[in-house]
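Here the sequence shown stands for residues 7 to 738, numbered as in the numbering used here. Here is the structure we will look at.
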Amino acid sequence: MSLLLGLLVLPLLLLGNTLPCDAAGEALPPYRRMDFGPALFWTYEVAPGNIAQKGIAIRLDDGPGGVGQGRAWMVYDHDTMRLASATTGEFIDWKGVAFDGSHGTHASLAGERAFVNPEGPGWASPKGEWTDSRPVGRDGRRYGPLPREWAHYEGTYLNGRRIVVAARVNGARVLESPGWIESASAGGVFLRTINVGPSLQALRVRVAPEGVSVVLSGAGSLQKEGGFWVAELPGQGLSRLFISRGDPAALASVARSFALPLDLDPLLHGGPARWPGEVTTTSAPMPGKPGEAFIRETFPLPDENRWHSWMRPGGFDFTPDGRGAVVATWNGDVWHVDGVTAPAPAPLHWRRIATGLFQPLGVKFRDGELFVACRDQIARLRDLDGDGEIDFIESFNNDHQVTEHFHEFAMGLQTDAAGNFYYAKSARHALPALVPHHGTLLRVSADGGHTDIVASGFRAANGVCVNGDGSFFVTDQEGHWTPKNRINRVRPGGFYGNMFGYTDRTDSSDSAMEQPMVWITNAKDRSPAELLWVPSKAWGPLGGSLLNLSYGTGRVFIVPHEDSAGVWQGGVCELPMPAFATGIMRGRFGPDGELYVCGLFGWAGNAPAPGGFHRIRRSGQAADVPISVQAAKGILRVTFSDPLSRASVKADAFALRVWSLKRSASYGSNHYNEHPLDIREAALGEDSRTIVLEVPSLAPTQCYELKMRLLSPDGTPVERSLHGTIHRLTEK
């Protein structure tokens, strides 16, 4: 008998880390060229109506390329700890917003199905039951992970091309490694090597439908139950299951001759590097003009890499040593880059350290440990052998309630002083929510043990800013029940207006929701992203200011605002510098006191470059931007960062107009009752920075635009536009 033991091959020469770059390969779209690594966390429809929401697709055969270039796979679902499917031939149809850009679609397996297990638990409960007890969504389907005391996913180990999935089942640690061999007599044979730790009772695992052949070697027993093969595995037992659609006798012969060790422990300590070498780029200043207040610098991404990684950064954080950064991309890569805090130009040394994560859009170091926010989990990434690559994708928390809908991103990752994590979960697009997490701000406890809903009613909240007083800033995007983009100051328990988020509310009136701090019209910023504070000692007079990043325009906005007797209101104004070529979503101030930003383009933006990573430095020149705005009866006060020419501050240097919006189930809103307000008088305060506008008809308004044509003391033109919201007028 001839066996091709793909499972045995450890790629000492690192086969599979490069892709041919011939004419046919170059013609493929970027997601088809990309080597995603040996496994890809994603949502997969494994058979019609059968969806692994938190799928882990693992390539089983040897050969160049990653999971997308294989010919045999097994897909696990870590919500239920079931083996969902085994297929050969083609991988998937590559549908989905992060692949082909399509909306309302999700990836489906495209190959020949050897077998498929139904949605539901892969292991029997402590009482020996198979009934799915997970929460029921509003469509009648079950979502989210099984109860932790039943089955809890712990993470995935990588060792060369070998992969081990770890979980707790009924309190016992369970390790499972998939495999595949080709046999002349039995055909394709799928393997499940399972190690069970100490357990007070035997564990029962659903192997495959009884229509296929199954052989068990090692500890345990095998029987048919309810139309499935079920294996009963003892505590501290080492077992292997052989599964094939071929002849049972031939399969038994394959099992007898197979000699790979059953013990999976040697695979849990790291292995040969999968992504050796570095890609070097050089930081550089970006075009600008003399005397500008801000200097833009770019950190060229390692776009030319042998794995054809699609470099669309979704999040980053600085390494604990302050010299480098870790950057995650929308299609699942994680890269370490050294040299970003050095003055430009400087060499940047990029190294790929992890792959295959599920649309990571947030990165955070906490106490020296690296965490990444994905659609299916917050992953803690561990290098077990000190070679710089990630060997264990640990599931720090996988409470996430995932459906196949394309729009429900997990956005941003921040911590508070107690070490709790925060991220925003988008709602479905144009459809009612199915699960409680849809359209929420979520808090994960510092130990990863549980998740709480902080606030709800969001549509597409692109990240979170954590404030020191227990509040948050969260943006949202124009759409259904969201007439325009909004910046929200979020308080725990608040509802922020999207009736398509998960809610039992029936009152859709504006008064029944928390009002935004700022409504932002499309022409100003078509898609706001994450907010952050300027450190108090950074950027001179801008220290302590609030900034908003823009996915839609590639710009950075300052957000002057006020607390008017508990009512928060303010405006947005662009920082005076050119837009970046890609959407800007995440930002952090570095150890050098400068602002670092990254982002990407997916769809619906003015900045369509695939991705970018940049630094914004203060030049020392005047920024001339509004840093404070106050609305009083008949008075609008705007304080600038720098002195202004007193002679330029006169009534005809300003133009103020206001308008209202209509919130409904329809997408967005027109401007209603748009009209100018008369500015009777303008004066500059003694500080030479505060403008006082006398506006007799000033009243609360959802939206206003204040255009200003001023001069600095040396005669330099200062033209600014402030878009804002007024909820309340104070006394003069």
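Just so you know, even glycine gets a beta-carbon here, dropped at the ideal spot from N, CA and C.
Going straight from the alpha carbon of residue i to that of residue j, what length do you get?
i	j	result
E284	I359	10 Å
A480	A237	Here residue 480 turns out to be Val, not Ala, going by the sequence shown. Distance between the alpha carbons of V480 and A237 is about 48 Å.
P582	E298	8 Å
V664	V170	60 Å
H677	F322	37 Å
T49	T111	11 Å
D648	W545	12 Å
C27	G71	Reliability of the predicted coordinates at C27 is poor, the pLDDT of 47 falling under 50, and the value obtained from them is presented with this limitation in mind. If you take the alpha carbons of C27 and G71, they lie about 12 Å apart.
S263	G194	15 Å
H158	D85	8 Å
Q59	D510	25 Å
M417	S250	41 Å
P54	I98	13 Å
A629	F300	8 Å
E188	T457	44 Å
T24	I57	In this prediction, T24 scores a pLDDT of 46, lower than 50, which makes its location untrustworthy; no coordinate-derived value is stated.
F501	W316	37 Å
L152	D138	8 Å
L265	T559	The identity of residue 265 in the sequence shown is Ala, whereas the question assumes Leu. Near 58 Å, if we compare the C-alpha coordinates of T559 and A265.
G596	G330	10 Å
V460	V573	20 Å
Y114	H444	This sequence places Ser at residue 114; Tyr is not what is there. Rounded to the nearest angstrom, the two C-alpha atoms are 23 Å apart.
D305	L419	Note that residue 305 is Phe in the sequence shown here, rather than Asp. So the two alpha carbons sit approximately 22 Å from each other.
S727	N491	17 Å
R734	P719	33 Å
Starting from the Cα of residue i, find the closest Cα among the options and give me that residue.
i	options	result
F478	R386, P489 and R497	R497
Y508	V441, R592, V450 and G454	V441
S672	W79, L307 and H435	H435
G128	V175, W574 and Y149	V175
G134	R210, G117, D85 and R168	R210
R280	P44, I633 and S570	P44
I685	A659, P240 and V340	A659
A120	G95, G476, P132 and P597	G95
A92	C604, A78 and F586	A78
V122	W235, P35, R65 and E155	W235
D41	N311, P366, W609 and G177	N311
L273	E303, R38 and N165	N165
L683	A571, P723, G721 and K713	K713
S401	D382, H413 and F415	D382
W186	L538, H406, S514 and L66	L66
D339	A350, G277, T347 and V378	V378
A290	G345, P566 and K101	G345
Return the first residue and the last residue of the alpha helix (DSSP H) that residue i is part of.
i	result
V260	P254 to S263
P649	Unbroken run through P649: none, as it is neither H nor E.
R39	P36 to R39
Which residues does DSSP list as the beta-bridge partners of residue i?
i	result
A360	V340
Y163	V170 and F398
W665	C709
R179	R174
Y50	A58 and A113
E155	BP columns for E155 are empty, so no partner.
M80	I64 and A92
H729	V578 and E711
Residue i lies in the beta strand (DSSP E); which residues open and close that run?
i	result
V142	It is not in any beta strand (DSSP E) - V142 carries neither H nor E in the DSSP assignment.
I1	Summary: the structure shown does not reach residue 1, with the chain confined to residues 7 through 738, and so no result is reported for it.
C380	C380 -> no beta strand (DSSP E), and no H or E assigned at all.
T696	T696 to E700
W545	Segment: none, W545 is in no beta strand (DSSP E) and carries neither H nor E.
E680	Y678 to L683
N56	N56 to R65
L368	It is worth fixing the name first, because residue 368 is Gly in this sequence and not Leu. G368 -> beta strand (DSSP E) spans G368 to R372.
M505	No beta strand (DSSP E) holds M505; DSSP gives it neither H nor E.
S675	Neither: S675 is in no beta strand (DSSP E) and is coded neither H nor E.
K490	Looking at the DSSP string, K490 is not in any beta strand (DSSP E), and its letter there is neither H nor E.
K530	Note, K530: premise wrong, no beta strand (DSSP E); not H, not E.
H567	H567 to S570
P282	Per DSSP, P282 belongs to no beta strand (DSSP E) and is neither H nor E.
V220	S219 to G224
Check: Which full runs of the alpha helix (DSSP H) of 4+ residues lie inside the segment 410 to 487, going along the chain?
Finding: Runs of alpha helix (DSSP H) with 4 or more residues, each lying fully within the segment 410 to 487, are absent.
Checklist line | Within the segment 110 to 134, ranges of the beta strand (DSSP E) (whole runs, at least 3 residues) | finding: Uninterrupted beta strand (DSSP E) stretches at least 3 residues long and entirely within the segment 110 to 134 occur at 118 to 122, given in chain order.
Next item on the list: Let me know the beta strand (DSSP E) ranges lying completely inside the segment 576 to 631, each 3 residues or longer, listed in chain order.
Entry: Residue ranges of uninterrupted beta strand (DSSP E) with 3 or more members, entirely inside the segment 576 to 631 and ordered along the chain, are 592 to 595, 601 to 606 and 617 to 624.
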